[in-house]
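The block underneath contains the structure these notes are about, expressed in structure tokens.
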Amino acid sequence: MPSFVRHKLNEEQDDVTDSATEGSIPRIEDGRFLIGRGCYTADHDRPGQLYAAVVRSPHAHAAIRDIDTAAARAAPGVAGVWTDADLAAEGLGTLPCDVRFEATTPLIVPPRRALARERVRHVGDPVAFVVAESVAAALSAAERIDVDYAPLPAIVDGKAALASDAPALWTEVPGNLAFTFEKGDQAATAQAIASAAHVVDLPLVNNRVSALPLEPRAAIAEVDAANGRLLLEVAGQGVHGIRRPLASAIFHLDNDDIAVFAHDVGGGFGLKNFLYPEYILLLCAARRLGRPVKWVSTTAEDLMAAVHGRAMQCRGRLALDDAGNFLALDVDIVANLGAYVSGGGPGAATNAASTAMGGIYDIPAIFMRSRGALTNTTPVDAYRGAGKPEANYIIERLIDTAARRHGFDPVELRRRNAVDRFPYRKALGAVLDCGRYKANIETATRRADRDGFADRRARAAAAGRLRGLGVACFLESARGAPQEEAQIRFAADRMIELVTGTESNGQGHETAFAQVAAQRLGLPLAAFRYVQADTRETRIGFGHGGARSMHMGAGTLALAIDRMLETARPLAAQLLQADPSALDYANGRFSVRGTDRGITLLDVATAAHQSDLSAAGGLDTTVFRQDAPFTFPGGCHLAEVEVDPETGQVTLLRYTAIDDYGQLVNPRLAEGQVHGGLAQGIGQALGEDIAYDPESGQLLSGSLMDYWLPRAADLPAFDVALDGVPTTANALGVKGTGQAGCISAPPTVVNAILDALAPLGVTDIEMPATPERVWRAIRDARRTGGPAYKES
Numbered sequence: 018m019p020s021f022v023r024h025k026l027n028e029e030q031d032d033v034t035d036s037a038t039e040g041s042i043p044r045i046e047d048g049r050f051l052i053g054r055g056c057y058t059a060d061h062d063r064p065g066q067l068y069a070a071v072v073r074s075p076h077a078h079a080a081i082r083d084i085d086t087a088a089a090r091a092a093p094g095v096a097g098v099w100t101d102a103d104l105a106a107e108g109l110g111t112l113p114c115d116v117r118f119e120a121t122t123p124l125i126v127p128p129r130r131a132l133a134r135e136r137v138r139h140v141g142d143p144v145a146f147v148v149a150e151s152v153a154a155a156l157s158a159a160e161r162i163d164v165d166y167a168p169l170p171a172i173v174d175g176k177a178a179l180a181s182d183a184p185a186l187w188t189e190v191p192g193n194l195a196f197t198f199e200k201g202d203q204a205a206t207a208q209a210i211a212s213a214a215h216v217v218d219l220p221l222v223n224n225r226v227s228a229l230p231l232e233p234r235a236a237i238a239e240v241d242a243a244n245g246r247l248l249l250e251v252a253g254q255g256v257h258g259i260r261r262p263l264a265s266a267i268f269h270l271d272n273d274d275i276a277v278f279a280h281d282v283g284g285g286f287g288l289k290n291f292l293y294p295e296y297i298l299l300l301c302a303a304r305r306l307g308r309p310v311k312w313v314s315t316t317a318e319d320l321m322a323a324v325h326g327r328a329m330q331c332r333g334r335l336a337l338d339d340a341g342n343f344l345a346l347d348v349d350i351v352a353n354l355g356a357y358v359s360g361g362g363p364g365a366a367t368n369a370a371s372t373a374m375g376g377i378y379d380i381p382a383i384f385m386r387s388r389g390a391l392t393n394t395t396p397v398d399a400y401r402g403a404g405k406p407e408a409n410y411i412i413e414r415l416i417d418t419a420a421r422r423h424g425f426d427p428v429e430l431r432r433r434n435a436v437d438r439f440p441y442r443k444a445l446g447a448v449l450d451c452g453r454y455k456a457n458i459e460t461a462t463r464r465a466d467r468d469g470f471a472d473r474r475a476r477a478a479a480a481g482r483l484r485g486l487g488v489a490c491f492l493e494s495a496r497g498a499p500q501e502e503a504q505i506r507f508a509a510d511r512m513i514e515l516v517t518g519t520e521s522n523g524q525g526h527e528t529a530f531a532q533v534a535a536q537r538l539g540l541p542l543a544a545f546r547y548v549q550a551d552t553r554e555t556r557i558g559f560g561h562g563g564a565r566s567m568h569m570g571a572g573t574l575a576l577a578i579d580r581m582l583e584t585a586r587p588l589a590a591q592l593l594q595a596d597p598s599a600l601d602y603a604n605g606r607f608s609v610r611g612t613d614r615g616i617t618l619l620d621v622a623t624a625a626h627q628s629d630l631s632a633a634g635g636l637d638t639t640v641f642r643q644d645a646p647f648t649f650p651g652g653c654h655l656a657e658v659e660v661d662p663e664t665g666q667v668t669l670l671r672y673t674a675i676d677d678y679g680q681l682v683n684p685r686l687a688e689g690q691v692h693g694g695l696a697q698g699i700g701q702a703l704g705e706d707i708a709y710d711p712e713s714g715q716l717l718s719g720s721l722m723d724y725w726l727p728r729a730a731d732l733p734a735f736d737v738a739l740d741g742v743p744t745t746a747n748a749l750g751v752k753g754t755g756q757a758g759c760i761s762a763p764p765t766v767v768n769a770i771l772d773a774l775a776p777l778g779v780t781d782i783e784m785p786a787t788p789e790r791v792w793r794a795i796r797d798a799r800r801t802g803g804p805a806y807k808e809s
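Counting from 18, one number per residue, gives the positions in the sequence shown under this note's numbering.
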């Protein structure tokens, strides 16, 4: 990853940079990670543990005529083999979809079972499950299972799947259409477009990608011998979100009959949020065999069978008047859901996209229509940003196209239309409470030295290179689930436990949450213990999806701290024989104003456990928050690229970002989140792509030999500055940071590439802008005599 180096161009920028360093203490977690004491699922073993392997379909679409498991069952070390027929007697339910939205045509969720029944519908669809005494024995037995397939026609393109002659995936889903969603004023939008001076109409593809965290999925299932409870240790992002469907929809049990927990998690980005068939199979096997069962995925398995992201085909139309004021935005989306409707799959193309549609701009009329198509591909679900990257990509590409076609300056066009009055209700209903969108545009363009770009472009041209400068703004709508719970607990060892339902998979929660508590209570970081990711310890929780960790998790924790202090004050006053109003609280201690008499918070907590408060848990405090508003981070990014016209190779030279995340708890952690998101967004723009053969449905990018990822050498030292307006949406004034880089980088980089290619007459390019794709665009421009070639 790039370092935290920033280019400093003037004293004003130095002020922005330096103001962002306060509170940037090193991460508490890093001590154990750096000495190899991380605690990951794949590192763990249980006494008497068995190992699992999954047999997966090599076909995108096929009928299952027969599955012969006799040789596998007889193989050395095999403890059990399961097919759907073996699972039928278990009475298991099907994997549900938890997304709720107002559909124009109702959402249809076809039955997804832990193992395929009668038909497989994508490469990697699980068909059989083997449990054995060792990994090698399980894999060897899996290879002995003989599945007789009858291949069927496959469809992998979302729009093509909705055509009348497309192969049908499910009898339950006519025309492969899982839902239709519409939002906005269609008549007002159509009228504005019809009367506009300028209308830009652009087809866009948000390419399918994999989250591909460093740690693949992994899980261990067992049965608690003491009480019969099913236990699942998982490399997961939201243990309550995994337990809920396991208990209610799959095993038909009470929530408390299943416990799900996680330790350290090596990245997730949405991929590990969801219930997967493998977790169900592991629990079934552990219950049947009475022994723990462990499974660790491989990168190849995750590429073919863990959820993918994005995969949207869009058409956007932007209407402008003569002066360049935006009048209306019309968007039509086909969301490729894959073969099954995953747990949160439709959300990215419906509710989530609608909250950010139109970006940071004042657009009076917006209408969006979204359709979910089922195809013979891996299911698609929430990947970092989930709907917000897609919505921002649409508006930012449309703005650049409008500027180029109709003679507007792309920066001025954005500045002219950026929202600058608050609160501002967007056309689709989201209310922006605060922001500094115009100011950030001005700062970012100055910081990126836009004025000096013409000289840099001329020097590149003299060396035979094409240089481009791209700009894009972003609007994130950060909240995720609108409810959260937090607890303050005083442990017997005099540690204060911070218990939340948001969970870290690398972001630094142990540090940031302790900082919030330390600042509010005036105690050292060492006084706190962070408790997370265990349904036995946390009553409810909704993970960190939607960049909600600080807004919802730490914001609710702050409310719990404040309430605990309210409870502690009268008891402290009683112990000090003083009136509560005469007490001050600072540095972990209540004191009687004007005297030297005082008592520490920990001593008050000890007394509370010995008083009438003990029956209520002493000073232990729980706060449940619901119906919380969104926060709206925003910013302006610029990218500078150089293109080799002979090879199509794109080199990203500079990347500048000025972002508003409200009040910052730990700016270094915030910047780390931005850097990681930028790397992923740049990856999608330049090379990451899950590709399927359009005829057979075969996965063409099933390994890291075929799926390109950006390395440090592909990325410049990001110039990131954080300058924001605190929000009133939570007690801390914070806005979500986790998804911004992924949202802003794709349009910024693609706009830069198109700016570089514009002199040749290239007006559009799809992501990822691979060297081959760029080279072909240049070749086609030469063949058709683009502006740079007309004289020759």
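No residue lacks a Cβ here, since even glycine has one placed at the ideal position from N, Cα and C.
Secondary structure of residue i, DSSP reduced to three states
{"i": "G355", "result": "strand"}
{"i": "N223", "result": "strand"}
{"i": "P847", "result": "Any question about residue 847 goes unanswered here, given that the chain covers just 18 to 809."}
{"i": "F118", "result": "coil"}
{"i": "F545", "result": "strand"}
{"i": "Q697", "result": "helix"}
{"i": "F491", "result": "strand"}
{"i": "D706", "result": "coil"}
{"i": "E318", "result": "helix"}
{"i": "D241", "result": "coil"}
{"i": "Q30", "result": "Note that Q30 has pLDDT 36, beneath the 50 cutoff, so the model's placement of it is unreliable and the number below is only indicative. Three-state result, Q30: helix."}
{"i": "W312", "result": "strand"}
{"i": "V22", "result": "At V22, the pLDDT of 28 sits below 50, so the modelled position is not reliable; the number obtained from the coordinates is stated separately. Coil."}
{"i": "A69", "result": "strand"}
{"i": "G485", "result": "strand"}
{"i": "V621", "result": "helix"}
{"i": "Y293", "result": "coil"}
Minimum C-alpha distance to residue i - residue among the options
{"i": "E407", "options": "A757, V791, R565, I125", "result": "A757"}
{"i": "V751", "options": "R793, E501, H568", "result": "H568"}
{"i": "P184", "options": "E295, V126, Q203, H78", "result": "H78"}
{"i": "A209", "options": "P440, R334, K443, V222", "result": "R334"}
{"i": "V667", "options": "P123, I795, V397", "result": "I795"}
{"i": "R332", "options": "A479, F384, G755, Y166", "result": "F384"}
{"i": "L619", "options": "Y68, G651, R586", "result": "R586"}
{"i": "D706", "options": "S718, G40, T623", "result": "S718"}
{"i": "V488", "options": "E514, F196, A509, L430", "result": "L430"}
{"i": "Y57", "options": "A252, D740, L231, G424", "result": "A252"}
Through-space distance from residue j to residue i, alpha-carbon basis
{"i": "L229", "j": "T584", "result": "46 Å"}
{"i": "G201", "j": "C114", "result": "25 Å"}
{"i": "Q701", "j": "P763", "result": "7 Å"}
{"i": "A213", "j": "L344", "result": "7 Å"}
{"i": "T460", "j": "P427", "result": "15 Å"}
{"i": "S41", "j": "V682", "result": "8 Å"}
{"i": "A276", "j": "V256", "result": "9 Å"}
{"i": "L774", "j": "L483", "result": "7 Å"}
{"i": "D629", "j": "G635", "result": "8 Å"}
{"i": "T744", "j": "I557", "result": "26 Å"}
{"i": "N223", "j": "E502", "result": "35 Å"}
{"i": "G689", "j": "L695", "result": "10 Å"}
{"i": "Q829", "j": "Q500", "result": "Residue coverage of the chain in this structure runs from 18 to 809, which leaves residue 829 outside it and unanswerable."}
Cβ separation of residue i and residue j, assumed to be a contact under 8 Å, to the nearest whole Å
{"i": "L337", "j": "A204", "result": "Contact flag wrong, Cβ pair sits at about 19 Å."}
{"i": "F647", "j": "A435", "result": "Going by Cβ atoms, the distance from F647 to A435 rounds to 18 Å, so no, they are not a contact pair."}
{"i": "A356", "j": "L186", "result": "6 Å"}
{"i": "Y166", "j": "A80", "result": "7 Å"}
{"i": "E493", "j": "Q254", "result": "The pair is not a contact, with the Cβ atoms about 18 Å apart (cut-off 8 Å)."}
{"i": "D281", "j": "G55", "result": "5 Å"}
{"i": "D613", "j": "P650", "result": "In fact, because the Cβ distance is near 46 Å, the residues do not count as touching under 8 Å."}
Checklist entry - Could you give the uninterrupted runs of the beta strand (DSSP E) lying entirely in the region 634-689, keeping only those of 3 residues or more? => result 638-642, 651-660, 667-677
Checklist entry - Which runs of the beta strand (DSSP E) fall wholly inside the region 521-588 and span at least 3 residues, in chain order? => result 545-548
Next on the checklist: Please give the ranges of any beta strand (DSSP E) in the region 91-117, keeping only runs that are unbroken, at least 3 residues long and fully inside the region.
Outcome noted: If we require 3 residues or more, the beta strand (DSSP E) runs fully inside the region 91-117 come out as 95-99.
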